[in-house]
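Peer 1: Protein chains in written order, with my numbering: chain W, 1 to 241; chain C, 1 to 78.
In this text, a Cβ means the ideal position worked out from N, Cα and C, and glycines have one as well.
Predicted, not measured: the structure shown is a model, and the values here were computed from it.
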Ligand SMILES: C[S@@+](CC[C@H](N)C(=O)[O-])C[C@H]1O[C@@H](n2cnc3c(N)ncnc32)[C@H](O)[C@@H]1O
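#1: Answer yes or no: do residue 139 of chain W and residue 187 of chain W have a C-beta to C-beta separation smaller than 9 Å?
#2: Within the 9 Å Cβ cut-off, does residue 74 of chain C reach chain W?
#3: Using only CA atoms, which one of W:68, W:3 and W:29 lies nearest to residue 45 of chain W?
#4: If you draw a straight line from the C-alpha of residue 71 of chain W to the C-alpha of residue 167 of chain W, how long is it?
#5: What's the gap between the Cα of residue 134 of chain W and the Cα of residue 127 of chain W?
#6: So what's residue 76 of chain W in DSSP terms, helix, strand or just coil?
#7: For a contact defined as C-beta to C-beta under 8 Å, what are the partners of residue 34 of chain C on chain W?
#8: Applying a beta-carbon distance threshold of less than 8 Å, which residues of chain A neighbour residue 59 of chain C?
#9: Runs of 3 residues minimum, wholly inside the region 2-49 of chain W: which ones carry the beta strand (DSSP E) assignment?
#10: Taking residue 52 of chain C as the query, report the chain W residues whose CB atoms sit under 9 Å from its CB, ordered along the chain.
#11: Where DSSP assigns a beta bridge to residue 233 of chain W, which residues make up the other side?
#12: What's the call for residue 177 of chain W, buried or exposed, on a 16-neighbour Cβ count within 10 Å?
#13: With DSSP collapsed to three states, give me the class of residue 239 of chain W.
Structure follows, in structure tokens:
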């Protein structure tokens, strides 16, 4: 069955304005997308082979290719059903080359190694995903601490990084940050915080404050309540072996 | 705080191209989006020694007028 598509306009003072095609199973970019793009920009060298994991509409690869005018090789994957069609369409619209595959985490990339793996696979608590506007029709089998998929990426990425290669990954405050950092520190010799950005949560989540507070008290997520709103954050890390 | 200091603080928090005046709001300042608003509130919080974070109406105060009204009510504006 053909899915309905919609136009999504991304605009950012530093990164520029871009239009993308999404369908009902494509994730709509957020502030975390912006944080990841900013963090990855300085890490990319000429001839880099880059994997965009959990690519959604392909926004991270597309904006990075547009901004970095070097010879780069982009590979992208997502578990979303229509990822190949959507990302190819967006890549063509922006005149960039991306090899896209539908894949559960690294499954489609066996034996392939990359200079940079940019992970953006769902990483918020599945309990928060249920009440948030972000994950309608989007896979988020992450567990209550939001850490299941991210930890798998961290552990499996070691097999997919070239010598000197790096993994960039965000930790969203609606997940168990300590648990994720702990796993990364066990696998990588260096785990460095690149940036931390704060964002207001969408209004529809405010009705669920009791659930959010219960998760916070259990140490599964974190957030701040200020100015009459709920403030979350995204921290982006760089890990190297 | 003086009103003119608040206007200057909003301009800097938003890194706004245009001048900020009494009529500025999310409607007419392109940089005043939800993230821009959070930058304004964070800057106001620092400038008021943490008083702003306890004011629950501020998340909805997306215009200079509304911010001035709230700060007058709270006795923050000189
Ligand atoms: C937070 S979105 C990020 C999308 C995109 N990078 C962006 O910034 O708009 C997370 C993505 O991870 C994908 N995802 C969830 N589970 C996955 C899995 N097991 N393997 C691969 N991708 C997965 C979702 O389909 C979704 O597109």
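Peer 2: Result, derived from the coordinates:
#1: No.
#2: no
#3: W:68
#4: 20 Å
#5: 12 Å
#6: Look at residue 76 of chain W here: in three-state DSSP terms it is strand.
#7: Proximity of chain W to residue 34 of chain C at the Cβ level (cut-off 8 Å) is accounted for by 199 and 200, in chain order.
#8: Absent here is chain A; the protein component of the structure consists of chains W and C.
#9: 5-12 and 16-23
#10: 226 and 227
#11: W:198
#12: buried
#13: strand
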